[in-house]
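Heads up: the protein sequence lines correspond to chains A and B, in order.
With the working numbering applied, the first sequence covers 1 to 79.
With the working numbering applied, the second sequence covers 1001 to 1517.
Everything on this sheet refers to the single structure shown next.
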Amino acid sequence: MERNEILEKLNEIFRDVFDDDSITVTEETTSSDIEDWDSLTHITLISEVEDEFDIKFAMKEVVGMKNVGEMVDIIEREA
Amino acid sequence: MSFTTLNFLFFFAIVFWGYYLIPKRWQWIWLLVASFVFYAFSAWWALFYLAGTIALTYGGARWIDALEGKRKEAIKNCPKEEKSAVKKKFERKKRGVLAGVLVLLVGLLAFVKYTNFFLDIGFKLMGGEGESPALSLLVPIGLSFYLFQNIGYLIDVYRGQYEAEKNPFRFALAISYFPHLLQGPLDDYKAVSTALYASREFDDSLAVSGAKRAAWGFFKKLVIANQAASICNPIISAGGGYDGLSVITCMVLYAIELYADFSGYMDIAIGCSRMLGVPIAENFRSPYFSGSIAEFWRRWHITLGTWFKNYLFYPILRSKWCSSIRKGLKKHKYIANTLPNVIALCIVWVLIGLWHGANISYVLYGIYHGGFIVLETVFAPLYDKFHKKFPKVQKNVFFRMFRVVRTFALVTVGYYLFAPAAISLTKSLILSTFEWEWSEFVSFGYYNFRELLVVLFSTAVLVFVDAYGCREDRLPLSAWVAKQKAPVRYLLYIALIFSILLLMVYGGEAMFAYFKF
């Protein structure tokens, strides 16, 4: 899957999880850019992404992801 | 050794000068020796706990790493169809080692801190009357902090976030480093260890800014916290007996005391560590300016929150159990997402309460705060709807102020449980709160006039500094001060030093509030 394609799918998931259609994620987006992105929604988000791409993040990835770009890296590698 | 003693000042002066005078390759060893000396000052026998837990964790982590190496080797050399079986076999072994060491570490903590708590509960449940049986156990100070530091490291190695440290003495330094040993911050192992092993040239700007930070911490502890404590602690430990207004004043003073005490300690720790060129984690960010309880815990004792999030909250939410709830209730999206969160929050908050001490008051304190956070989680969609309908409200200054005052009030009410740490005292404090007697309040103010005045003015300074620094887009006030012209700067520094010297309440070996945890 192309990175752009992954990002597009992620964008949909983000809008759905945070219930906000104005969100547009880029590779540089971090949790501080999205107001509701806290430890609770982080796990919901991770689960949704796992279901969508049929992958499983390792715990070190769940806690270590710095931005959306790193999430795309992992998806590109695993999916 | 407490930070606010002359002993510590002498100790730190020697550590500081020695650190920059000795050859650079000895610097980290110097810090290791200093840290063990520092800990030995609290009680020499406590060194056995420190060294023992470090040795155990070091060994466990090396073992996990060795198994990981063997796993990679075995997978490389085995046929494709057996790979997953081999992988599983080694995963099981690694998990076994992790579980074994964790059981020993947590077991030690549980034994030393909680044996009497459970003996007491068991005794009462069996209908015993009078004194419960109790073991006389010596609890080394800082145990729950450095055990958490050990546990975090071990789990990180298990997860493969970094390799296990090969040099046992280097590992020992990262755990026992004296600024964070007794009360945290619970540092990220990788970050702090990297900083500790680097050799350093003397940097005057770091030394000066570290000293200023420490001075600010001394002001908070010696002037604000100790002064507030001298008024409110006798009344809290007597369980009231005063009129309601005086009790409320005391509880507000306690809120100020606890924050000034704990964050003051952090300022001294961070300041001293900065003088040695080693950055350690921030633990507070204007917590009393939070708009909700959840936000309060993102700003108060930040590293403890992060620890529980990484090593307990996330693992619970990622467990098979929670995943199956999420999948099973897929049709009801709100419940599927909220229910696992609520379950995980309940477990975590009972344990955060218990972490503070073996006492039913602390457990209830955890449940009290956890309860509000659960409510915030459950009603989150309603809040969102409200704010979408009235988008201006959220940005309104008065609404923000209302939320900040409300959160402070809720936190202060929580201290009715936390401060006396005994249910009977909590009960009598609550009862006295509702008995208002104006003349008694006036005489309470009369007898404590000077102390109240000092607390009032010094707290006003603290509130100003925190209000300035509570916005994330702004640098702390110290950065602003550093940019001013020399006369302004020096006037402020001299004012700070003189107010410490003139107004401080020196408590000798006065313990910091969080030592007992």
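C-beta: ideal position from N, C-alpha, C; glycine also.
7 angstroms Cβ cutoff, residue i in contact with chain B
| i | result |
| --- | --- |
| Lys66/A | no |
| Ile43/A | yes |
| Val63/A | yes |
| Ser47/A | yes |
Sub-7 angstroms separation of residue i and residue j beta-carbons
| i | j | result |
| --- | --- | --- |
| Ala1214/B | Gly1271/B | yes |
| Ser1035/B | Ser1199/B | no |
| Glu1165/B | Phe1171/B | yes |
| Leu1304/B | Val1348/B | no |
| Asn1150/B | Thr1053/B | yes |
| Ser1458/B | Val1223/B | yes |
| Thr1433/B | Val1252/B | no |
| Ala1040/B | Leu1047/B | yes |
| Glu1376/B | Ala1294/B | yes |
| Val62/A | Asn1310/B | no |
| Trp1438/B | Leu1196/B | no |
| Ile55/A | Glu78/A | yes |
| Gly1518/B | Leu1364/B | Chain B is shown from 1001 up to 1517; residue 1518/B falls before or after that span and cannot be answered. |
| Val25/A | Val68/A | yes |
| Glu1435/B | Asp1243/B | yes |
| Leu1245/B | Phe1441/B | yes |
| Ile34/A | Phe53/A | no |
| Leu1186/B | Gly1277/B | no |
| Leu1067/B | Lys1094/B | yes |
Amino acids of chain A, ordered along the chain, whose beta-carbon sits closer than 7 angstroms to that of residue i
| i | result |
| --- | --- |
| Phe1313/B | Ser39 |
| Asp1384/B | Asp19 |
| Asn1337/B | Thr44 |
| Lys1309/B | Ser39 |
Rounded Cβ spacing between residue i and residue j (contact assumed at less than 8 angstroms)
| i | j | result |
| --- | --- | --- |
| Tyr1254/B | Ile1236/B | 6 angstroms |
| Tyr1049/B | Leu1143/B | 6 angstroms |
| Leu1477/B | Gly1469/B | 6 angstroms |
| Ser1193/B | Arg1274/B | Going by Cβ atoms, the distance from Ser1193/B to Arg1274/B rounds to 17 angstroms, so no, they are not a contact pair. |
| Phe1123/B | Ser1132/B | 4 angstroms |
| Ile1500/B | Phe1262/B | About 18 angstroms; that fails the 8 angstroms criterion. |
| Val1139/B | Val1112/B | 5 angstroms |
| Tyr1415/B | Ile1430/B | Not quite, the Cβ-Cβ distance comes to about 12 angstroms (not below 8 angstroms), so this is no contact. |
| Phe1145/B | Gly1184/B | 5 angstroms |
Within-7 angstroms CB hit, residue i to chain A
| i | result |
| --- | --- |
| Asn1396/B | no |
| Arg1326/B | yes |
| Asn1341/B | yes |
| Tyr1019/B | no |
Within chain B, the residues that residue i reaches when beta carbons sit closer than 7 angstroms
| i | result |
| --- | --- |
| Lys60/A | Arg1159, Gly1160 and Gln1161 |
Cβ-based neighbour list, residue i, same chain, cut-off 7 angstroms, excluding 5 preceding and 5 following
| i | result |
| --- | --- |
| Phe1003/B | Tyr1265 and Ile1268 |
| Glu1509/B | For Glu1509/B, the pLDDT reaches just 49, beneath the cut-off of 50, and the residue's location in the model is therefore unreliable, leaving the point undetermined. |
| Gly1400/B | Going by the sequence as given, residue 1400/B is Arg instead of Gly. Answer for Arg1400/B: Gly1291, listed in chain order. |
| Tyr1189/B | Gly1152, Tyr1153, Asp1156 and Ala1174 |
| Ile46/A | Phe57 and Val62 |
| Tyr1020/B | Phe1202 |
| Ile1497/B | Ala1215 |
| Gly1241/B | Ser1432 |
Chain A residues whose Cβ lies nearer than 9 angstroms to that of residue i
| i | result |
| --- | --- |
| Arg1318/B | Ile43, Ile46, Ser47, Phe57, Met59 and Val62 |
| Thr1303/B | Chain A residues near Thr1303/B: none, gap ~14 angstroms exceeds 9 angstroms. |
| Thr1377/B | Leu40 |
6 angstroms CB neighbourhood of residue i in its chain, flanking five on each side removed
| i | result |
| --- | --- |
| Tyr1362/B | Gly1353 and His1356 |
| Ala1421/B | Asn1359 and Ser1361 |
| Glu1073/B | none |
| Ile1302/B | Asn1283 |
| Glu12/A | none |
| Ala1061/B | Leu1154, Val1157 and Ala1164 |
CB contact below 7 angstroms: residue i versus chain C
| i | result |
| --- | --- |
| Thr41/A | Absence of chain C from the displayed structure is noted, the protein chains being A and B. |
Cβ shell of residue i (< 8 angstroms), same chain only, five flanking positions each side left out
| i | result |
| --- | --- |
| Trp1063/B | Val1097 |
| Glu48/A | Ile13, Asp16 and Val17 |
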